[in-house]
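The opening residue of the sequence shown carries number 3 in the working numbering; numbering runs sequentially from there.
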Amino acid sequence: MLQLEQIETAILSLPSHDFEKLRQWFLNLDYELWDEQIERDIADGKLEALAEEAIAEFKAGNCREI
3 MLQLEQIETA ILSLPSHDFE KLRQWFLNLD YELWDEQIER DIADGKLEAL
53 AEEAIAEFKA GNCREI
C-alpha cells in the first residue's frame with residue numbers, strides 16, 4: 003500500500019498541466035483496456051446469450067424506438 007500512497011501523493015503534487023496529461027492518458031488506457039476485454043468476451047462467446055436475449059425481445063415486439 004505504501005507504493006500506492008506514494009503515487010497518490012505524487013499525482014496530487016503535479017502541476018495542473020501535467021495532471022491533465024496524466025488524466026487523459028489514464029482515461030485513454032482505461033478505454034483501451036475496456037475495448038480489449040470486450041473483444042476477448044466476444045471471441046470467447048460470453049456475449050452470445052445476451053445477444054440472443056436481445057434478438058428474442060426484439061422479435062417479440064418488446065422494444066421501443068429511441
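All residues carry an ideal CB built from backbone N, CA and C; glycine is no exception.
Contact annotation: I13 and L24 have beta-carbon atoms nearer than 8 Å. Taking the Cα positions, I57 is about 24 Å away from W36. Taking the CA atoms as reference points, L49 sits about 19 Å from Y33.
Here DSSP, grouped into helix, strand and coil, assigns K48 to coil.
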